[in-house]
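Undergrad:
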Amino acid sequence: MSNHIPHDVVREDRADGSIILRSKIPLGPVARNTGEWLHNWAEAAADRVALGERSGAGWRELSYAEVLQSVRALAASLSARGLGEGTPIAIISQNSVNHGLIALAAQYIGAPVVPLAEQYSLIHDAHPRLVYAIETARPVMVYAEDAALYGPALALDCFKDMLKIVTDATGATVPVTTFDELLKGDNGVDLDAIHAKVGPETLAKIMFTSGSTSNPKGVLTTHKMLCVNQTQIADCLGFLRTHPPRLLDWLPWNHVFGGSHNFNMMLANGGSFYIDNGKPTNMGIDLTIENVRNRMGTLSFNVPVGYARLVSAMKDDQALKEAFFKDLELTFYAGASLPLDIWQALEKYAMEVRGELPLMVSSWGMTETAPAAIMVHEPVGRSGIIGVPMPGVELKLIPDDEARCELRVKGPNIMEGYFEEPRKTAEAFDADGYLITGDAVKFVDPDDMNKGLSFDGRVSDDFKLLTGTWVRAASLRMEALRHFANIAADVVITGQDKNEVGAMIFPDPEALQKAGLTVMEQQGALVGDALTHMVRKSLAAMAEHASGSSTRVNRVMILAAPPSVSEGEITAKGSLNNRKILTLRKDLLERLYSEDDPAVTKL
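So this is what it looks like as structure tokens:
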């Protein structure tokens, strides 16, 4: 893969022991607002597909000229209804073309968008999280795709007297206005004058954090943050500017990976964004595979489990391999490290189809960083590396005594604060103005900064055993997932203030069934002779690689109930909230460290 920009990092060692890393790549020109991208491409490539989605047996596709026309009509209608700066608009439904148009129209007139996870609306037990976000951000309008499907959510008191926009009004139980009504526009609005006032400091989004350590916080995301970040990405991935990219993507727009990083990447570079209505789940993977056959892009963004399911499907399907790899220039993973066997399979299939490898990379970012701050942008040959600072970003690394560093960041893509949370905003930055991320990293090669950094977990997830030995929970979780891959969907590492490390495993029901295991529930845990034998075997295999008490899991319990969205055990982006799980399941945690519980398998 050519046309990438090599890493070029400078290091500064400060007297206080901290290390500063910067990219020597200059930051390129930055758009004034997201509407500037839309105008540029509507003029330069009016007929090119901008947005597409499944529609019956075919695809609904809108060109850049059509998107601009629709966005301006919607923006005029919104403005005529009193929306603009200071009037947030909530979006509570899934990715769709109309979702994208509403979001762009809101930003066009300076109204911030509040995109929320669709499961908050669709799962009754998750409604408290929806109510919390709405009562916090106080939007004046809400958009949902389907009035019937989202009816129970729209009927909540938090939406009372709020303007409700829907695409399909069939079965509406509350007063709604249709999307088509907004598309009529309003000639009484001086739209150009309104849009001209939307500048870099104008609020574009209020993005809620995943809430993995506390209640979700609303990140104030400006047009500058979004626009700078796309310049930074294209400064690193030069091929985005040489020819228009195409992307087929399922990642949800309520999260920065899908909604800011990927969506805006197509808009900023004149690309075509096709919405994948599938997901890397048992229910959704077939839809994704069919979409790959029809509209695969030049870039692929996914989480490791997504690539794992695609690799499995490609194994005996040459046509799927060819559809996926034929035009592929970039394979990008985030959320966790890509397992070596999946990385190698992707390389193997790419060579079979293309005779060359796409650039295979990862990145690091947060909702607070808009999101990309660190990125791999040259071939590195293996997974687990998050890269180097992007142009304009400064990293402050604070070394500890175990060859890793606490990560802090500063740059033009970093938020100025949280929505109406002055105390939490103040706590988020250190005395030098660096965002305190709470994450830890290691140097891939301490003697060569261009080799980049690897992620080493959350500082707050680490804990000490009673012996005073530190346990690096994130890396140990990855090791446990590898050894318990035959049964585990996810793992929580335990042991704070205990004598030894334990693990609470959320099982994969499909894997248990496939293994033919007979299990019974016993007060919140799963038990069974064959299950115990399998767990003990995996524990022994894991222990062979342990270097001491901090890397040896000694006891395991298989949990009967999956993590609860409504109780906050699982975040909006699908990751486990370990602290919440251990608090809510403290009785199971106590049993895990008992000596005679039949649900506990010990080494």
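When the letters of the sequence shown are read in order and numbered with my numbering, they come out as residues 6 to 608.
Glycine is no exception: its CB is placed at the ideal position from the N, C-alpha and C atoms.
This one's a predicted model, so the numbers in the text were calculated from it and none came from an experiment.
(1) Going by Cα to Cα distance, which pick from 501, 265, 169 and 116 is closest to residue 206?
(2) Out of 355, 448, 319 and 433, point me to the one whose CA is closest to residue 442's CA.
(3) Residues in the same chain with beta-carbon distance under 7 Å from residue 327, minus the five sequence neighbours each way, listed in chain order, please.
(4) State the DSSP-derived secondary structure class of residue 424, mapped to helix, strand or coil.
(5) My output table needs one value for residue 369: the three-state DSSP class, helix, strand or coil.
(6) Please work out which residues of its chain come closer than 6 Å, Cβ to Cβ, to residue 47, disregarding the five sequence neighbours upstream and downstream, and give them in chain order.
(7) Could you give the DSSP three-state label for residue 527: helix, strand or coil?
(8) Three or more C-beta pairs under 8 Å: does that hold for the stretch 244-251 against the stretch 296-309?
(9) What would DSSP say about residue 21, mapped onto helix, strand or coil?
(10) Short of 7 Å in beta carbon distance, which residues of its chain neighbour residue 194, apart from the five on each side in sequence? Order them along the chain.
(11) Taking the alpha-carbon positions, what's the residue 172 to residue 150 distance?
(12) Kindly indicate which three-state DSSP category residue 6 falls into: helix, strand or coil?
(13) Pull the bridge partners of residue 413 from the DSSP assignment, please.
(14) Residue 110 and residue 79 look like a contact to me (Cβ under 8 Å); what is the Cβ gap, rounded to whole Å?
(15) Could you give the DSSP three-state label for residue 267: helix, strand or coil?
(16) I'd like to check one pair, residue 32 with residue 15: are the Cβ atoms closer than 9 Å?
(17) What first and last residue would you give for the beta strand (DSSP E) that runs through residue 635?
(18) Can you have a look at residue 12 and say buried or exposed, based on whether 16 or more other CB atoms are within 10 angstroms of its CB?
(19) Is residue 77 helix, strand or coil when you go by DSSP?
(20) Kindly list the residues whose CB is nearer than 6 Å to the CB of residue 523, restricted to its own chain and excluding five residues on each side of it in sequence; keep chain order.
(21) Quick check on the burial criterion: 16 or more other C-beta atoms within 10 angstroms. Buried or exposed for residue 22?
(22) In the DSSP assignment, what are the bridge partners of residue 182?
(23) Assuming residue 330 contacts residue 312 under a Cβ cut-off of 8 Å, what Cβ separation, rounded to an integer in Å, is found between them?
(24) Hey, is the stretch 406-418 in contact with the stretch 494-504, meaning 3+ C-beta pairs nearer than 8 Å?
(25) If you run the structure through DSSP and keep just helix, strand and coil, what is residue 469?
(26) Between 274, 87 and 396, which lies nearest to residue 53 when the distance is taken from Cα to Cα?
(27) Pick helix, strand or coil for residue 499, following the three-state DSSP scheme.
(28) Between 514, 430, 545 and 448, which has its C-alpha nearest residue 484's C-alpha?
(29) Taking the alpha-carbon of residue 314 as reference, which of 292, 421 and 285 has the nearest alpha-carbon?
(30) Measure the Cβ-Cβ separation of residue 5 and residue 310 and say whether it is below 9 Å.
(31) Beta-carbon within less than 7 Å of residue 188's beta-carbon, same chain only, minus the 5 sequence neighbours each way: which residues are those?
(32) Between residue 554 and residue 214, what straight-line distance do the alpha-carbon atoms span, to the nearest angstrom?
(33) Could you check where the beta strand (DSSP E) with residue 58 kicks off and where it finishes?
(34) What are the start and end residues of the beta strand (DSSP E) that includes residue 137?
(35) Assuming residue 394 and residue 98 form a contact by the criterion Cβ under 8 Å, report the distance between their Cβ atoms to the nearest whole angstrom.
(36) Terminal residues of the continuous beta strand (DSSP E) containing residue 507?
TA: Looking at the atomic coordinates:
(1) Within the sequence shown, residue 206 is the residue found at index 201, counting from 1. Among 501, 265, 169 and 116, the Cα nearest to that of residue 206 belongs to 116.
(2) In the sequence shown, counting from the first residue as 1, residue 442 sits at position 437. Ranking the options by Cα distance to residue 442, first place goes to 433.
(3) Sequence index remark: in the sequence shown, residue 327 carries index 322 (1-based). Once the five neighbours on either side are set aside, the close Cβ partners of residue 327 are 358.
(4) As a first step, residue 424 must be located in the sequence shown, where it is residue number 419. Coil, per DSSP.
(5) Residue mapping note: residue 369 aligns to position 364 of the sequence shown, counting from 1. It is a strand residue.
(6) Here residue 47 corresponds to residue number 42 of the sequence shown, with the count starting at 1. So the list reads 69, 70 and 73, once near-sequence residues are dropped.
(7) Here residue 527 is taken as the residue at index 522 of the sequence shown, counted from 1. Looking at residue 527 - three-state DSSP - the assignment turns out to be strand.
(8) yes
(9) Here residue 21 is taken as the residue at index 16 of the sequence shown, counted from 1. In the structure shown, residue 21 sits in coil (DSSP, three-state: anything other than H, G, I, E or B).
(10) Numbered from its first residue, the sequence shown carries residue 194 at position 189. 81, 84 and 85, listed in sequence order.
(11) Here residue 172 refers to the residue found at position 167 when the sequence shown is read from its first residue. Here residue 150 refers to the residue found at position 145 when the sequence shown is read from its first residue. Their backbone Cα atoms lie some 5 Å apart in a straight line.
(12) On the sequence shown, residue 6 is found 1 positions in, with the first residue counted as 1. Caution applies to residue 6, whose pLDDT of 42 falls short of 50 and renders its modelled position unreliable; the value that the coordinates give is listed next. Coil, per DSSP.
(13) For the purposes of this step, residue 413 is identified with residue 408 of the sequence shown, where counting begins at 1. Residue 413 pairs with 401 and 441.
(14) Numbered from its first residue, the sequence shown carries residue 110 at position 105. Numbered from its first residue, the sequence shown carries residue 79 at position 74. 4 Å between Cβ atoms; contact.
(15) As a first step, residue 267 must be located in the sequence shown, where it is residue number 262. Here residue 267 sits in helix by DSSP.
(16) Translated into the one-based positions of the sequence shown, residue 15 becomes position 10. Translated into the one-based positions of the sequence shown, residue 32 becomes position 27. No, Cβ-Cβ distance for residue 15 and residue 32 is not below 9 Å.
(17) Residue numbering for the chain in the displayed model covers 6 to 608; residue 635 lies beyond these limits and cannot be assessed.
(18) In the sequence shown, counting from the first residue as 1, residue 12 sits at position 7. Flag for residue 12 reads buried.
(19) Against the sequence shown, residue 77 aligns to sequence position 72. Here residue 77 sits in helix by DSSP.
(20) Along the sequence shown, one-based indexing puts residue 523 at 518. The residues are 533.
(21) By 1-based counting over the sequence shown, the position of residue 22 is 17. By the neighbour-count rule (16 or more Cβ atoms within 10 Å), residue 22 is not buried but exposed.
(22) To locate residue 182, count along the sequence shown from 1; it is residue 177. Paired residue(s): 170.
(23) Mapped onto the sequence shown, residue 330 falls at position 325. Mapped onto the sequence shown, residue 312 falls at position 307. Between residue 312 and residue 330 the Cβ distance is about 12 Å, and since that is not below 8 Å, they are no contact.
(24) no
(25) Against the sequence shown, residue 469 aligns to sequence position 464. Note: residue 469 maps to strand in three-state DSSP.
(26) Numbered from 1 along the sequence shown, position 48 holds the residue referred to as residue 53. The candidate whose alpha carbon is nearest that of residue 53 is 274.
(27) On the sequence shown, residue 499 is found 494 positions in, with the first residue counted as 1. Strand at residue 499.
(28) By 1-based counting over the sequence shown, the position of residue 484 is 479. With distances taken between Cα atoms, residue 484 lies closest to 545.
(29) Counting from one through the sequence shown, the residue named residue 314 turns up at place 309. The shortest Cα separation from residue 314 among 292, 421 and 285 belongs to 285.
(30) Residue 5 is absent from the model: the chain starts at 6 and stops at 608.
(31) In the sequence shown, counting from the first residue as 1, residue 188 sits at position 183. Correct list, in chain order: 75, 78 and 79.
(32) As a working mapping, residue 554 is identified with position 549 in the sequence shown. As a working mapping, residue 214 is identified with position 209 in the sequence shown. For residue 554 and residue 214, the distance between alpha carbons rounds to 34 Å.
(33) Sequence index remark: in the sequence shown, residue 58 carries index 53 (1-based). 54-60 is the extent of the beta strand (DSSP E) around residue 58.
(34) For the purposes of this step, residue 137 is identified with residue 132 of the sequence shown, where counting begins at 1. Per DSSP, residue 137 belongs to no beta strand (DSSP E); it is in the alpha helix (DSSP H), 132-142.
(35) In the sequence shown, residue 394 corresponds to position 389, counting from 1. In the sequence shown, residue 98 corresponds to position 93, counting from 1. The Cβ separation is near 36 Å, so there is no contact.
(36) Start at 1 with the first residue of the sequence shown, and residue 507 comes out as number 502. Here the beta strand (DSSP E) through residue 507 covers 506-512.
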